[in-house]
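A short worksheet on the structure shown next.
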């Protein structure tokens with residue numbers, strides 16, 4: 001029964017937005033997803049709206065221009081008619097003007113002569129009953145003045161021109177007008193043509209925009225399809241770069257560079273995993289073999305001690321390998337920002353070799369430092385890790401010889417060199433950049449020292465984090481030399 005109630009309340013929750021069941025409020029929210037408009041449609045709409053704005057502006061300009069020109073023609077005609085009436089008034093004689101001395105043609109469309117009180121002195125037959133302008137507007141007429149008014153008996157508005165004049169020694173006002181119906185009708189026809197033409201042009205522009213956008217986006221879709229095929233099938237394949245030299249060609253070229261960098265990163269990670277597995281397999285196999293051998297049958301104390309000693313050595317080897325892998329991972333460029341400090345180059349190198357003095361004594365070697373007491377700006381912690389790995393590799397393979405650590409500042413660069421008097425690096429190591437682990441040479445007869453590749457990989461990573469480089473050489477005088485060069 002209780003489950004039915006909860007189910008019913010949950011159904012109510014879906015209807016009203018919340019429900020309560022045994023004191024717990026359950027809220028169901030619906031998050032609407034914004035509808036995604038395709039790029040082709042967006043481009044078409046943008047093109048159509050731009051065309052609509054241009055056509056609307058052009059149509060408005062044409063409409064206003066034609067209206068102004070038609071009105072200008074009407075005004076010129078009104079001025080001419082007012083001039084004719086003014087000339088007639090000069091020869092009309094004294095007021096009032098009788099029927100025999102009319103100065104206005106009775107068939108004139110809109111024409112009146114008004115005295116200063118607004119009374120009609122003379123007028124055309126169509127506007128004789130009442131003045132075209134009231135006295136209030138007549139008082140505003142100080143010179144030729146245009147008005148747009150509704151005239152009784154005319155269906156449309158009229159354009160009026162009031163001009164002060166003199167008749168028989170009295171001040172009068174000549175008022176002439178013209179019906180604006182023809183002008184307004186012409187503007188209406190133009191407006192219909194503009195609206196119809198604009199709609200037709202917008203429809204045509206939308207179709208053209210749709211086709212042009214499709215043609216422009218077709219290479220983009222092809223690049224997308226090729227990229228999808230590359231990710232699914234062969235990661236070594238690259239996009240086809242069109243020979244157009246435009247933005248799409250640069251886009252395809254940039255994507256190819258990105259794919260190449262991704263492939264290189266994947267290859268490096270895969271090599272790292274394979275090499276780490278191979279490197280870890282040997283000490284683990286030895287450790288397991290010693291333990292299995294120790295437990296296979298009763299052993300003497302000496303045999304057990306030897307097995308434990310071997311296992312401890314392999315465990316130390318695993319710990320060292322794990323620590324170096326951790327240092328290598330943390331030293332990747334961009335993982336952690338550099339903490340640069342200004343420090344004496346001589347003091348830095350003296351502090352760096354201090355932990356290795358006892359190890360040097362154990363292998364009958366001597367570690368010396370040759371560096372000036374000059375200030376340099378470095379990350380001491382990161383750079384010390386690199387120097388420690390170089391010293392560790394050198395002391396492992398130069399028993400009974402000396403190790404010289406040299407530091408020099410040359411303009412904008414700091415060069416730290418570690419040279420030993422050992423057997424030198426295998427030729428396979430001199431021909432390539434240091435990788436995470438050492439490998440035998442191509443013919444398999446010149447194996448790299450254990451751990452040398454990993455240590456040099458750490459050094460190279462630290463150098464790259466500083467924006468520097470690493471060089472591995474065998475000097476003509478013998479031994480091995482590693483140069484770490486970083487910006488000062």
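Residue numbers (this note's numbering): 1 to 488. Just so you know, even glycine gets a beta-carbon here, dropped at the ideal spot from N, CA and C. Quick caveat: nothing in here was measured; it's all calculated off a predicted structure.
- Per DSSP, residue 477 lies in no alpha helix (DSSP H) segment and is marked neither H nor E.
- Taken in chain order, the whole beta strand (DSSP E) runs of length 3 or more contained in the region 139-210 are 145-150, 157-167 and 170-179.
- Note: residue 110 is bridge-paired with 177 in the DSSP secondary-structure output.
- DSSP places residue 297 outside any beta strand (DSSP E), giving it a letter other than H or E.
- Counting C-beta pairs closer than 8 angstroms gives three or more between the region 366-384 and the region 459-477, which meets the contact rule.
- With a 10 Å radius around the Cβ and a threshold of 16 neighbouring Cβ atoms, residue 61 comes out exposed.
- Taking a contact to require three or more Cβ pairs closer than 8 angstroms, the region 110-128 and the region 184-204 do not qualify as touching.
- By the neighbour-count definition (other C-beta atoms within 10 Å, threshold 16), residue 192 is an exposed residue.
- Per DSSP, residue 366 is one residue of the beta strand (DSSP E) stretching across 366-370.
- The alpha-carbon of residue 480 is positioned some 22 angstroms away from that of residue 358.
- When beta bridges are read from the DSSP output, residue 77 appears opposite no residue.
- Residue range 413-420 is occupied by the beta strand (DSSP E) that includes residue 420.
- Assignment of beta-bridge partners to residue 407 by DSSP yields 416.
- One Cα belongs to residue 262, the other to residue 255, and the distance between them is close to 10 angstroms.
- Residue 176 holds the alpha-carbon nearest to the alpha-carbon of residue 147 among 257, 202 and 176.
- Between residue 310 and residue 290 the beta-carbon gap is near 5 angstroms, inside 8 angstroms, which marks them as a contact.
- Per the C-alpha coordinates, the member of 283, 294 and 239 positioned closest to residue 321 is 283.
- Taken atom to atom, the span from the alpha-carbon of residue 239 to that of residue 215 is near 19 angstroms.
- By the neighbour-count criterion, in which 16 or more other beta carbons inside 10 Å mark a residue as buried, residue 252 falls on the buried side.
- DSSP, reduced to helix, strand and coil, places residue 363 outside both helices and strands of the structure shown, so it counts as coil.
- DSSP places residue 125 in no alpha helix (DSSP H); its state is neither H nor E.
- Put simply, of 56, 163, 130 and 391 the residue whose alpha carbon is nearest the alpha carbon of residue 75 is 163.
- Put simply, the backbone Cα of residue 54 is about 59 angstroms away from that of residue 469.
- For residue 46, the closest alpha carbon among the candidates 483, 208 and 169 is that of 208.
- Taking a C-beta distance under 9 angstroms as the contact criterion, residue 484 and residue 417 qualify as a contact pair.
- When C-beta atoms of the region 400-418 are compared with those of the region 356-375, three or more pairs fall below 8 angstroms, so the two segments count as touching.
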